[in-house]
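Novice:
Residue numbers (our numbering): 18 to 339.
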């Protein structure tokens with residue numbers, strides 16, 4: 018695995034600062050039932066890092082103290098954490114919107130029986146990875162058999178009301194390019210997805226989020242191996258749109274790793290760039306959010322941040338403009 022941080026730290030990315038905190042994005046652990054080429058977390062079945070019970074218990078406390086609007090759960094496959102369902106129930110009871118970043122195939126893993134019904138019961142927003150509407154492209158990026166399982170999972174979610182008009186059960190899909198290119202127009206690609214998935218499989222969903230691939234972890238290492246890291250960075254920088262800066266997700270989101278440490282975003286988490294702490298040498302922790310909100314604090318930036326501002330922009334909620 019090639020380290021990309023040394024290639025990213027010397028940066029001219031514009032300075033930005035944190036706005037009022039609305040979203041807590043928590044990585045419950047790196048274990049996953051898939052190993053995708055584009056994965057910026059380098060997750061997989063052999064990863065063992067998972068959040069402990071003591072840290073997990075802090076999440077609901079922070080949500081209540083900071084009056085958070087959204088709990089965004091990610092991984093790995095967040096559903097593989099044994100405390101996932103209890104945490105979702107706690108957050109829902111607080112009136113917090115819960116997002117589950119789901120790879121769809123997890124619905125068919127042993128021990129996950131009833132997962133889809135549980136998500137519907139607690140009105141969890143499902144943000145599901147679906148890199149294409151064709152079998153060949155999905156299986157190429159995510160592994161053989163993933164497409165068929167993903168389709169079956171989407172149909173199962175649709176049957177529970179997800180994506181259906183008036184149900185209030187949001188089902189959003191996520192697209193990542195297969196290589197060192199920017200994603201296409203979100204609105205145009207969404208129209209293609211809706212047409213093809215409806216025509217061939219009877220599937221409906223709410224929105225498609227298009228995300229740029231970040232030049233870090235597994236994808237960044239692949240770029241280095243292929244000798245295309247510099248050209249991809251040139252593409253991101255050359256496509257930077259200053260108008261995207263107000264909408265980048267790090268302004269109102271704090272990212273939490275499986276140990277409970279805080280970062281400005283999930284990408285900084287994977288690069289080991291922690292959110293600023295009160296004292297030199299300290300690392301801000303989830304428990305610190307019980308008495309500090311980090312409002313107006315400078316956000317740590319490096320060249321990978323151009324991945325969020327290139328072209329139409331990219332965030333965990335998809336394009337910033339289209």
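Here a beta-carbon is modelled for each residue, glycine too, at the ideal position from N, C-alpha and C.
Who are the Cβ neighbours of residue 270 in its own chain at under 6 Å, not counting the five residues just before and after it?
Specialist: Numbered from 1 along the chain shown, position 253 holds the residue referred to as residue 270. These residues qualify, in order along the chain: 40 and 42.
Novice: Apart from the five residues just before and just after residue 341, which ones in its own chain have a Cβ nearer than 7 Å to its Cβ?
Specialist: Given that the chain is displayed from residue 18 to residue 339, the structure contains no residue 341 and the question cannot be resolved.
Novice: Which residue or residues does DSSP assign as beta-bridge partners of residue 345?
Specialist: Here the chain has residues from 18 to 339 only, and residue 345 is not among them.
Novice: Whose C-beta lies closer than 8 Å to the C-beta of residue 83 among residues of the same chain, with five residues either side of it excluded?
Specialist: In the chain shown, residue 83 corresponds to position 66, counting from 1. Taken in chain order, the residues that qualify are 38, 41, 306 and 310.
Novice: So, at 8 Å on beta carbons, what are the nonlocal neighbours of residue 339 in its own chain, with the 5 sequence-adjacent residues on each side left out?
Specialist: The residue given as residue 339 occupies position 322 in the chain shown. Correct list, in chain order: 202, 203, 204 and 329.
Novice: Might you give, ordered along the chain, the residues of its own chain that have their beta carbon closer than 7 Å to the beta carbon of residue 260, omitting 5 neighbours on each side?
Specialist: Here the question's residue 260 lines up with position 243 in the chain shown. Taken in chain order, the residues that qualify are 338.
Novice: For the beta strand (DSSP E) containing residue 192, list its first residue and its last residue.
Specialist: Looking up residue 192 in the chain shown gives position 175. Here the beta strand (DSSP E) through residue 192 covers 188-192.
Novice: For residue 174 and residue 327, which I take to be in contact (beta-carbon distance under 8 Å), what is that distance rounded to the nearest angstrom?
Specialist: Numbered from 1 along the chain shown, position 157 holds the residue referred to as residue 174. Numbered from 1 along the chain shown, position 310 holds the residue referred to as residue 327. With a Cβ gap of about 31 Å, residue 174 and residue 327 do not count as contacting.
Novice: Give every residue of the same chain whose Cβ lies closer than 8 Å to the Cβ of residue 50, excluding the five residues on either side of it in the sequence, and list them in chain order.
Specialist: Position 33 of the chain shown holds residue 50. Same-chain partners within the cutoff: 62, 94, 97, 120, 122, 123 and 126.
Novice: On the CB-based measure, 16 or more other CB atoms within 10 Å of its CB, does residue 167 come out buried or exposed?
Specialist: Working through the chain shown from its first residue, we reach residue 167 at position 150. Buried is the call here.
Novice: Just to confirm, is the Cβ distance from residue 275 to residue 80 under 8 Å?
Specialist: Taking the chain shown and counting its residues from 1, the one referred to as residue 275 is at position 258. Taking the chain shown and counting its residues from 1, the one referred to as residue 80 is at position 63. Residue 275 places its beta carbon 8 Å or farther from that of residue 80.
Novice: Are the Cβ atoms of residue 319 and residue 30 separated by less than 8 Å?
Specialist: Walking along the chain shown from the start, residue 319 turns up at place 302. Walking along the chain shown from the start, residue 30 turns up at place 13. Yes, the pair counts as a contact, with Cβ atoms nearer than the cut-off.
Novice: From the DSSP output, read off the bridge partner residues of residue 236.
Specialist: As a first step, residue 236 must be located in the chain shown, where it is residue number 219. The partner list for residue 236 (beta bridge, DSSP) is empty, contrary to what the question assumes.
Novice: Considering only the beta carbon of each residue, do residue 178 and residue 186 sit closer than 8 Å?
Specialist: Taking the chain shown and counting its residues from 1, one reaches residue 178 at position 161. Taking the chain shown and counting its residues from 1, one reaches residue 186 at position 169. It is a contact, given that the beta carbons lie within the stated cut-off.
Novice: When DSSP labels each residue in this structure, what does residue 242 get in the three-state scheme?
Specialist: Counting from 1 along the chain shown, the entry for residue 242 is found at position 225. Three-state DSSP puts residue 242 in a helix.
Novice: In whole angstroms, what is the alpha-carbon distance linking residue 258 and residue 284?
Specialist: One-based indexing of the chain shown puts residue 258 at position 241. One-based indexing of the chain shown puts residue 284 at position 267. Each residue's alpha carbon lies about 19 Å from the other.
Novice: In angstroms, rounded to a whole number, what distance separates the CA positions of residue 212 and residue 180?
Specialist: As a first step, residue 212 is located in the chain shown; it is residue number 195 there, counting from the start. As a first step, residue 180 is located in the chain shown; it is residue number 163 there, counting from the start. Those two C-alpha atoms are separated by around 14 Å.
Novice: Return the CA-CA distance between residue 334 and residue 244, expressed in angstroms with no decimal places.
Specialist: What you label residue 334 is simply residue 317 of the chain shown in a count that begins at 1. What you label residue 244 is simply residue 227 of the chain shown in a count that begins at 1. Taking the straight line from one Cα to the other gives about 30 Å.
Novice: Could you please give the first and the last residue of the uninterrupted beta strand (DSSP E) stretch that includes residue 142?
Specialist: Here residue 142 corresponds to residue number 125 of the chain shown, with the count starting at 1. Residues 142-146.
Novice: Where do the ends of the alpha helix (DSSP H) carrying residue 213 lie?
Specialist: Start at 1 with the first residue of the chain shown, and residue 213 comes out as number 196. That run of the alpha helix (DSSP H) goes 203-218.
Novice: Reducing DSSP to helix, strand and coil, say where residue 321 ends up.
Specialist: Position 304 of the chain shown, counted from the first residue, corresponds to residue 321. Helix at residue 321.
Novice: To which residues of the same chain is residue 114 closer than 8 Å at the C-beta, ignoring the five residues directly before and after it?
Specialist: Residue numbering aside, residue 114 sits at position 97 when the chain shown is read from its first letter. Closer than 8 Å at Cβ, skipping near neighbours: 86, 87, 88 and 142.
Novice: Under the rule that 16 or more other beta-carbon atoms within 10 Å means buried, what is residue 281, buried or exposed?
Specialist: Position 264 of the chain shown holds residue 281. Burial call: buried.
Novice: Could you compute how far the alpha carbon of residue 73 sits from the alpha carbon of residue 100?
Specialist: Counted from its first residue, the chain shown places residue 73 at position 56. Counted from its first residue, the chain shown places residue 100 at position 83. Looking at the two C-alpha atoms, the distance is approximately 8 Å.
Novice: With residue 225 as the anchor, note down where its beta strand (DSSP E) starts and where it stops.
Specialist: As a working note, residue 225 is residue 208 in the chain shown. Going by DSSP, residue 225 is part of the beta strand (DSSP E) stretching over 224-227.
Novice: What first and last residue would you give for the beta strand (DSSP E) that runs through residue 65?
Specialist: Position 48 of the chain shown, counted from the first residue, corresponds to residue 65. No beta strand (DSSP E) contains residue 65, which DSSP labels as neither H nor E.
Novice: Following the continuous beta strand (DSSP E) through residue 272, name the residue where it begins and the one where it ends.
Specialist: By 1-based counting over the chain shown, the position of residue 272 is 255. 270-273 is the span of the beta strand (DSSP E), which, as asked, contains residue 272.
Novice: Between which two residues does the alpha helix (DSSP H) harbouring residue 107 extend?
Specialist: As a first step, residue 107 must be located in the chain shown, where it is residue number 90. First-last of the alpha helix (DSSP H) with residue 107: 101-110.
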